[in-house]
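Trainee: First the structure, which I've put down as structure tokens, then a few questions once you've had a look.
Here's what the structure looks like:
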């Protein structure tokens, strides 16, 4: 029996040791997730597609050269070649600067969309990696407790068979065994959920060797000091502002006043077996004095722009409300964490007292293991609250667009 209790207290050393050590750092794992996440790849491809249009929009004045020819039959059945060379260039359009601005803002919007996806992937990775870190540590402790419980149950069965103890003690032991088994199953299911969440992003199985995430990072995140509540850097808000800017640029392109094109044509044709050339060089200039359709279209698009501006104001108010709500929830969770930590320390103190009381027969081995189970149960609650706090802090950092490298 003394060997059993000594084994239990040796196990206690694990309660403050790291039970999770992987070969791959969490930073490299997140970087790899950025490379494989389809949501990021899609947004990057959309950005690259728009970037391909840059030269055509920026260098709109570069001439377009067209060469074509026609072969026709004359009345005498002779073939007549009619080549044509044309050059056309848009020299000036009063709406061109708005078209360029719309394209530039669209590039910024698509680049911002990539950053949003990377941010969201980072948050998913960190939340679930931290969950794995916390519950892996909890899992190892429960397994050690299960080993000690099995030793105790075997000893109780032998004593029950010998008639030294009653059936009630055996049933208590079996009840504890069931509770520990259920706890192991619950922790395993939670670990599977964390790994599945990661796999849904990376599209790859979670590394067998694990991912090395320092436990100190968890405490840093829980108690991180976030100074200032400026939501102006929020990526979603920036995206709405860029969308509004594009709508304004698009509205300003409507009902343009002036357009000037350079035109050159060189035609060669045969007439009565004599080669003839017709050349034309000139400027085509149009002045839009009044077009009711374009005027109405511009007014309609300006209204759409004004609606987009209202969405920005609404989003900003929503983000400020989110920050305040997250801050209240954080304070509540920290108080809950403090209370559970106090319970954990009291339970550890009880176990220390049990060490001496067991030796003089004041407490049973079952009471010791049952109290250790209570300790594990408290630590599971602490892990859940820590996850809630970390989710809160990551969401605040997400709203404020703060760096996740802490």
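In the UniProt record's numbering, the protein residues as written are 1 to 406.
Ideal Cβ placement from N, Cα and C applies to all residues, glycine included.
Just so we're clear, the structure is a prediction, and the values are computed from it rather than from any experiment.
Tell me the rounded alpha-carbon separation between residue 183 and residue 245.
Mentor: Against the chain shown, residue 183 aligns to sequence position 183. Against the chain shown, residue 245 aligns to sequence position 245. Between residue 183 and residue 245, the C-alpha separation is close to 54 Å.
Trainee: How would you call residue 249, buried or exposed, if buried means at least 16 neighbouring beta carbons within 10 angstroms?
Mentor: In the chain shown, the residue the question calls residue 249 occupies position 249. When all chains shown are included, residue 249 counts as buried.
Trainee: Please report the Cβ distance between residue 118 and residue 42, rounded to the nearest whole angstrom; I am assuming they are in contact, meaning their Cβ atoms lie under 8 Å.
Mentor: As a working mapping, residue 118 is identified with position 118 in the chain shown. As a working mapping, residue 42 is identified with position 42 in the chain shown. Not really, about 12 Å apart at Cβ, beyond 8 Å.
Trainee: Mind reading off the beta-carbon distance from residue 61 to residue 252? Whole number of angstroms is fine, and I expect it under 8 Å.
Mentor: To locate residue 61, count along the chain shown from 1; it is residue 61. To locate residue 252, count along the chain shown from 1; it is residue 252. The Cβ separation is near 20 Å, so there is no contact.
Trainee: Determine, using beta carbons only, whether residue 176 and residue 356 come nearer to each other than 7 Å.
Mentor: On the chain shown, residue 176 is found 176 positions in, with the first residue counted as 1. On the chain shown, residue 356 is found 356 positions in, with the first residue counted as 1. Remark: C-beta atoms of residue 176 and residue 356 do not approach each other more closely than 7 Å.
Trainee: Given a cut-off of 7 Å on the beta-carbon distance, is the pair residue 33 and residue 202 in contact?
Mentor: The sequence position of residue 33 within the chain shown is 33, counting from 1. The sequence position of residue 202 within the chain shown is 202, counting from 1. Yes.
Trainee: Check whether the Cβ atoms of residue 113 and residue 256 lie closer than 7 Å to each other.
Mentor: Here residue 113 refers to the residue found at position 113 when the chain shown is read from its first residue. Here residue 256 refers to the residue found at position 256 when the chain shown is read from its first residue. No, the pair does not count as a contact, with Cβ atoms beyond the cut-off.
Trainee: Could you check what DSSP says for residue 209 in three-state terms: helix, strand or coil?
Mentor: Start at 1 with the first residue of the chain shown, and residue 209 comes out as number 209. Correct three-state label for residue 209: coil.
Trainee: Considering only residues of the region 292-360, which uninterrupted alpha helix (DSSP H) runs meet the minimum length of 4 residues and lie entirely inside it, listed in chain order?
Mentor: 292-359
Trainee: Spatial neighbours of residue 388 within its chain, please: CB distance less than 7 Å, with the 5 preceding and 5 following residues excluded, ordered by chain position.
Mentor: Along the chain shown, one-based indexing puts residue 388 at 388. Once the five neighbours on either side are set aside, the close Cβ partners of residue 388 are 333.
Trainee: Which residue from 243, 173, 283 puts its Cα closest to that of residue 308?
Mentor: By 1-based counting over the chain shown, the position of residue 308 is 308. Looking at 243, 173, 283, the one whose alpha-carbon comes closest to that of residue 308 is 243.
Trainee: Counting only runs that start and end within the region 173-257, where is the alpha helix (DSSP H) found for 4 or more residues in a row?
Mentor: 215-222, 235-253
Trainee: Does DSSP classify residue 65 as helix, strand or coil?
Mentor: Translated into the one-based positions of the chain shown, residue 65 becomes position 65. Strand, per DSSP.
Trainee: Quick check: the Cα distance between residue 226 and residue 393, rounded to an integer number of angstroms?
Mentor: By one-based count along the chain shown, residue 226 stands at place 226. By one-based count along the chain shown, residue 393 stands at place 393. Taking the straight line joining both Cα atoms gives about 9 Å.
Trainee: Does the distance from the C-beta atom of residue 240 to that of residue 116 stay below 7 Å?
Mentor: On the chain shown, residue 240 is found 240 positions in, with the first residue counted as 1. On the chain shown, residue 116 is found 116 positions in, with the first residue counted as 1. No, they are not a contact pair.
Trainee: Should residue 124 be flagged as near chain B, meaning a C-beta pair shorter than 7 Å?
Mentor: Here chain B cannot be found, since the structure has a single protein chain.
Trainee: Beta-carbon within less than 8 Å of residue 297's beta-carbon, same chain only, minus the 5 sequence neighbours each way: which residues are those?
Mentor: On the chain shown, position 297 is the one that residue 297 refers to. Only 254, 255 meet the Cβ criterion.
Trainee: Looking only at its own chain, which residues have a Cβ that is under 7 Å from the Cβ of residue 233, when we skip the five neighbours before and after it?
Mentor: The count along the chain shown starts at 1 and reaches residue 233 at position 233. Closer than 7 Å at Cβ, skipping near neighbours: 400, 401.
Trainee: Verify whether the separation of the beta carbon atoms of residue 92 and residue 211 is less than 7 Å.
Mentor: Within the chain shown, residue 92 is the residue found at index 92, counting from 1. Within the chain shown, residue 211 is the residue found at index 211, counting from 1. Contact flag unset, no.
Trainee: With DSSP as the reference, identify every bridge partner of residue 286, one or two as the case may be.
Mentor: Residue numbering aside, residue 286 sits at position 286 when the chain shown is read from its first letter. Under DSSP, the beta-bridge partners assigned to residue 286 are 259.
Trainee: With contact counted as at least three CB pairs below 8 Å, one residue from each stretch, are the region 359-377 and the region 325-341 in contact?
Mentor: Taking one beta carbon from each stretch, the region 359-377 and the region 325-341 have fewer than 3 pairs nearer than 8 Å; the two do not touch.
Trainee: Is the region 156-170 touching the region 205-225 in the sense that three or more CB pairs, one from each, lie closer than 8 Å?
Mentor: Here the region 205-225 makes no contact with the region 156-170; the two share fewer than three CB pairs at distances below 8 Å.
Trainee: Spatial neighbours of residue 127 within its chain, please: CB distance less than 7 Å, with the 5 preceding and 5 following residues excluded, ordered by chain position.
Mentor: Residue mapping note: residue 127 aligns to position 127 of the chain shown, counting from 1. Around residue 127: 390, 391, 394.
Trainee: Excluding sequence positions up to five away, which residues of its chain have a Cβ less than 6 Å from the Cβ of residue 213?
Mentor: Mapped onto the chain shown, residue 213 falls at position 213. The beta carbon of residue 213 lies closer than 6 Å to those of 26, 129, 133 in the same chain, with the five residues before and after it left out.
Trainee: According to the Cβ coordinates, are residue 407 and residue 149 closer than 7 Å?
Mentor: Outside the displayed range of the chain (1 to 406) lies residue 407, so it cannot be described from this structure.
Trainee: Rounding to the nearest angstrom, what Cα-Cα distance links residue 100 and residue 106 in this structure?
Mentor: Along the chain shown, one-based indexing puts residue 100 at 100. Along the chain shown, one-based indexing puts residue 106 at 106. Roughly 10 Å separates the two Cα atoms.
Trainee: Based on DSSP bridge pairs, tell me the residues matched to residue 25.
Mentor: Working through the chain shown from its first residue, we reach residue 25 at position 25. Paired residue(s): 212.
Trainee: Out of 48, 366, 344, which has the shortest C-alpha to C-alpha gap to residue 104?
Mentor: Position 104 of the chain shown, counted from the start, is the residue given in the question as residue 104. If we check each option's Cα against that of residue 104, 48 comes out closest.
Trainee: Assign residue 190 to buried or exposed, taking buried as 16 or more other Cβ atoms, counted over all protein chains shown, within 10 Å of its Cβ.
Mentor: Here residue 190 is taken as the residue at index 190 of the chain shown, counted from 1. Answer is buried; the Cβ neighbour count reaches 16.
Trainee: Where does residue 372 fall in DSSP's three states?
Mentor: By one-based count along the chain shown, residue 372 stands at place 372. Helix.
Trainee: Give me the Cα-Cα distance between residue 340 and residue 374, rounded to the nearest whole angstrom.
Mentor: Position 340 of the chain shown holds residue 340. Position 374 of the chain shown holds residue 374. Roughly 12 Å separates the two Cα atoms.
Trainee: When you compare only the Cα positions, how much space is there between residue 166 and residue 140?
Mentor: Along the chain shown, one-based indexing puts residue 166 at 166. Along the chain shown, one-based indexing puts residue 140 at 140. For residue 166 and residue 140, the distance between alpha carbons rounds to 32 Å.
Trainee: For residue 198, which option in 121, 173, 288 has the closest C-alpha, if you only look at C-alpha atoms?
Mentor: The sequence position of residue 198 within the chain shown is 198, counting from 1. The residue with the shortest Cα to Cα distance from residue 198 is 121.
Trainee: By how many angstroms is the C-alpha of residue 102 removed from the C-alpha of residue 299?
Mentor: For this step, residue 299 is matched to residue 299 along the chain shown. For this step, residue 102 is matched to residue 102 along the chain shown. Rounded to the nearest angstrom, the two C-alpha atoms are 18 Å apart.
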